[in-house]
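Asks: Before I ask anything, let me first share the structure, which is written out below as structure tokens.
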Amino acid sequence: MRAHEAGALHGDIGSRPPWLRPPGDVNALVPQLWPRNVTRAADGALAVAGLSVRDLAAEYGTPVYVLDEDDLRTRCREFRAAFPDADVYYAGKAFLCRAVVRMIAEEGMFLDVCTGGELATALSAGMPPERIGFHGNNKSVAELSRALDAGVGRIILDSFTEIDRLTALARERGVRPRVLIRVTVGVEAHTHEFIATAHEDQKFGFSLAGGAAAAAAFKVIDEDVLELRGLHSHIGSQIFDASGFEVSARRVLGLQAQIRDARGVELPELDLGGGFGIAYTTQDDPAAPHDLAKRLRKIVDGECAAEKLAVPHLSIEPGRAIVGPAVFTLYEVGTVKDVDGIRTYVSVDGGMSDNIRTALYDASYSATVANRASSVEPLLARVVGKHCESGDIVVKDEFLPADVQPGDLVAVPGTGAYCRSMASNYNHVPRPSVVAVRDGRARLIVRRETEEDLLALDVG
Ligand SMILES: *Cc1c(COP(=O)(O)O)cnc(C)c1O
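No gaps in the numbering here: position 220 of the sequence shown is 220 in our numbering, and each next residue is one more.
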């Protein structure tokens with residue numbers, strides 16, 4: 001957690017982050033926070049790829065997640081161009097639906113899934129199975145069987161139980177699936193900081209320090225039912241600082257050298273995971289994919305030279321950095337409440353059911369009034385939802401025009417990742433729709449849930 005976030009959510013209610021200053025122009029959009037095709041049109045309303053948010057709200061209702069399709073595709077292309085000889089896996093858990101599977105497939109991406117449901121979505125959208133990687137710390141027999149029968153490109157092993165489970169299933173079928181071993185490298189990275197520890201107390205992967213990772217690799221190599229392609233590490237999320245990758249690459253490649261020395265096998269692949277940060281507020285300054293690639297390449301080349309290893313075929317797994325910045329959520333304001341001159345609460349028609357990240361991670365977001373421009377003074381507001389929790393906050397602190405009123409639209413950028421995919425039906429609120437906009441045309445890609453959908457599950 002960054003220092004400015006401490007205490008902002010609970011208690012200390014009059015405080016605001018010291019970096020947050022009233023904007024010169026409350027209508028101005030900070031470009032790095034918005035999908036590339038979002039502008040403020042002449043009438044003052046936001047437009048995305050030429051479509052006014054007022055029309056989108058009228059047509060599709062609110063809340064609605066608006067995806068700038070060209071922005072998402074451009075991010076895929078930027079990552080692929082930055083890592084031309086690596087495989088770029090989109091981490092589907094950030095946001096997955098059939099239309100997005102097709103978009104990333106068309107852009108030449110690979111896809112990570114981590115449950116049977118994500119796998120089913122990928123396959124039903126025609127994702128080539130050989131371009132799918134299957135993750136997860138508790139893949140069931142049924143899920144692994146489906147993955148084998150579908151012919152997924154690789155399975156990332158996470159436990160000894162899973163090695164035995166997959167070995168038995170592969171024997172039964174007479175197949176030799178390609179696998180990676182997920183290594184817990186003792187590096188944890190979040191936003192601008194990382195910590196390197198000797199051992200990791202977490203559920204994912206095989207511990208490097210404890211020797212489990214080496215033992216897992218030897219077991220897979222010796223039994224020779226599964227084809228061990230390489231090692232995998234994923235150190236965290238919303239990372240801005242490449243030094244965490246440096247420590248993890250050094251440790252994983254050290255294990256790679258140990259495996260070569262013990263078994264005479266040089267594993268041909270290396271997966272560095274995902275976690276590349278995006279801008280949620282003006283405080284975040286993520287590296288461009290090109291610069292990121294240069295740094296990662298240098299780290300891997302350096303470590304391989306030091307260990308006298310051939311440079312393995314690389315893969316990376318960005319989720320948030322692909323879809324996060326390509327989406328904003330459009331809400332309608334329902335009430336505006338000034339609490340004793342301390343703070344103004346702007347309540348919108350969604351909240352923690354469509355964006356749990358503020359409540360779950362104390363995440364920071366930004367917002368703007370989207371249906372019009374305003375010439376009145378800015379006021380420090382908190383954008384909150386309609387749920388029965390005082391922690392139901394969407395944007396902790398943002399300057400909005402002081403005339404913000406019921407019926408206005410509020411847009412929150414950076415909501416493409418881990419918002420719709422983590423959405424819930426808390427308070428029996430139906431989950432919002434997702435609309436993709438491209439070249440002046442909108443299309444519904446995930447429809448809004450209805451109350452009938454909710455009641456359909458209730459069979460008592
Ligand atoms: C979640 C996850 C990712 C993607 O993380 P982002 O922060 O969305 O880039 C990549 N790899 C693995 C193994 C993950 O669990």
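The C-beta atom is built at its ideal place from N, Cα and C for all residues, glycine as well. Keep in mind that this is a model prediction, so the values were computed, not measured.
Would you kindly report the start and end of the unbroken beta strand (DSSP E) that includes residue 219?
Replies: Unbroken run through residue 219 is the alpha helix (DSSP H), 212 to 223; no beta strand (DSSP E).
Asks: Under 7 angstroms: does the beta carbon of residue 294 sit that close to some heavy atom of ligand 2?
Replies: With respect to ligand 2, the structure shown offers nothing to examine, as its ligands consist of ligand 1.
Asks: Which value, in whole angstroms, describes the spacing of the CA atoms of residue 145 and residue 97?
Replies: For residue 145 and residue 97, the distance between alpha carbons rounds to 22 angstroms.
Asks: Considering only heavy atoms of ligand 1, does any lie closer than 7 angstroms to the CB of residue 190?
Replies: No, since every heavy atom of ligand 1 falls outside the 7 angstroms radius drawn around the Cβ of residue 190.
Asks: Based on Cα-Cα distance, which residue from 262, 82 and 34 lies nearest to residue 296?
Replies: Closest by alpha carbon: 82.
Asks: Could you pull out every residue in the same chain whose Cβ sits closer than 7 angstroms to the Cβ of residue 221, ignoring the five residues on either side in sequence?
Replies: The answer, listed in chain order, is 228, 263 and 265.
Asks: DSSP on residue 378, reduced to helix/strand/coil?
Replies: Reduced to three states, the DSSP call for residue 378 is strand.
Asks: What does DSSP give as the partner residues of residue 160 in its beta bridges?
Replies: Answer is none; residue 160 lacks a bridge partner.
Asks: Looking at the unbroken beta strand (DSSP E) that takes in residue 234, where does it start and where does it end?
Replies: Neither: residue 234 is in no beta strand (DSSP E) and is coded neither H nor E.
Asks: Over the uninterrupted alpha helix (DSSP H) stretch that includes residue 289, give me the two end residues.
Replies: Start and end: 289 to 307.
Asks: Is it the case that the CB of residue 135 approaches a heavy atom of ligand 1 more closely than 7 angstroms?
Replies: Flag set: Cβ of residue 135 near ligand 1.
Asks: Beta-carbon within less than 6 angstroms of residue 365's beta-carbon, same chain only, minus the 5 sequence neighbours each way: which residues are those?
Replies: 280, 395 and 412.
Asks: In or out: residue 315 buried (at least 16 other Cβ within 10 Å) or exposed?
Replies: Classification for residue 315: buried.
Asks: Taking all protein chains shown into account, do 16 or more other C-beta atoms lie within 10 angstroms of the C-beta of residue 437, making it buried, or fewer, making it exposed?
Replies: By the neighbour-count rule (16 or more Cβ atoms within 10 Å), residue 437 is buried.
Asks: Considering only residues of the same chain and omitting the five flanking positions on each side of residue 441, which have a CB-CB separation below 7 angstroms?
Replies: Cβ neighbours of residue 441 beyond the five flanking positions: none.
Asks: Pop quiz: residue 275 and residue 189 are said to be a contact at Cβ under 8 angstroms. What is the actual Cβ separation, rounded to whole angstroms?
Replies: About 7 angstroms; that satisfies the 8 angstroms criterion.
Asks: Look at the alpha carbon of residue 94 and the alpha carbon of residue 19, and state the distance between them as a whole number of angstroms.
Replies: Their Cα atoms are separated by approximately 28 angstroms.
Asks: Name, in chain order, the residues that DSSP records as bridge partners for residue 369.
Replies: In DSSP, residue 369 forms a bridge with 410.
Asks: What is the residue span of the alpha helix (DSSP H) that residue 358 lies within?
Replies: Where residue 358 is concerned, the enclosing alpha helix (DSSP H) stretches over 357 to 361.
Asks: If you reduce the DSSP assignment to three classes, tell me which class residue 17 lands in.
Replies: Note: residue 17 maps to coil in three-state DSSP.
Asks: Please determine if the segment 423 to 432 and the segment 441 to 457 are in contact, where contact requires at least 3 C-beta pairs separated by less than 8 angstroms.
Replies: Verdict: yes, contact present.
Asks: Going by other Cβ atoms of all chains shown within 10 Å of its Cβ, with 16 needed for buried, is residue 388 buried or exposed?
Replies: With fewer than 16 Cβ atoms within 10 Å of its Cβ, residue 388 is classed as exposed.
Asks: Please find out if some non-hydrogen atom of ligand 1 comes closer than 7 angstroms to the beta-carbon of residue 338.
Replies: False, no ligand heavy atom lies under 7 angstroms from that Cβ.
Asks: Below 7 angstroms CB to CB, which residues in the same chain sit around residue 206 once its five sequence neighbours on both sides are set aside?
Replies: Counting only Cβ-Cβ distances below 7 angstroms, and skipping sequence neighbours, we find 181, 182, 183, 184, 212, 213 and 216.
Asks: Please determine whether the Cβ atom of residue 249 lies at a distance below 7 angstroms from any heavy atom of ligand 1.
Replies: Answer for residue 249: no, Cβ out of range of ligand 1.
Asks: Give a single yes or no on whether residue 359 has its beta carbon closer than 7 angstroms to a heavy atom of ligand 1.
Replies: Residue 359 Cβ: outside cutoff for every heavy atom of ligand 1.
Asks: Can you tell me whether DSSP reads residue 394 as helix, strand or coil?
Replies: In this structure, residue 394 counts as strand in the three-state DSSP scheme.
Asks: Per DSSP, what kind of secondary structure is residue 40 in: helix, strand or coil?
Replies: Strand at residue 40.
Asks: Which same chain residues end up closer than 7 angstroms to residue 91 when comparing Cβ atoms and leaving out the 5 residues on each side of it in sequence?
Replies: Excluding sequence neighbours, residue 91 sits near 112, 274, 317, 318 and 319.
Asks: On the criterion of 16 or more Cβ atoms from any shown chain inside 10 Å, does residue 160 qualify as buried, or is it exposed?
Replies: Answer is exposed; the Cβ neighbour count stays below 16.
Asks: Closer than 7 angstroms to a non-hydrogen atom of ligand 1 - does that hold for the CB of residue 321?
Replies: It does: the Cβ of residue 321 is within 7 angstroms (strictly closer) of some heavy atom of ligand 1.
Asks: Give me the residue from 261, 408 and 341 with the minimum Cα distance to residue 333.
Replies: That would be 408, whose Cα lies nearest to the Cα of residue 333.
Asks: Once the 5 residues before and after residue 105 are set aside, which same chain residues still bring their CB inside 8 angstroms of it?
Replies: Here the set comprises 111, 125, 126, 127, 128 and 131.
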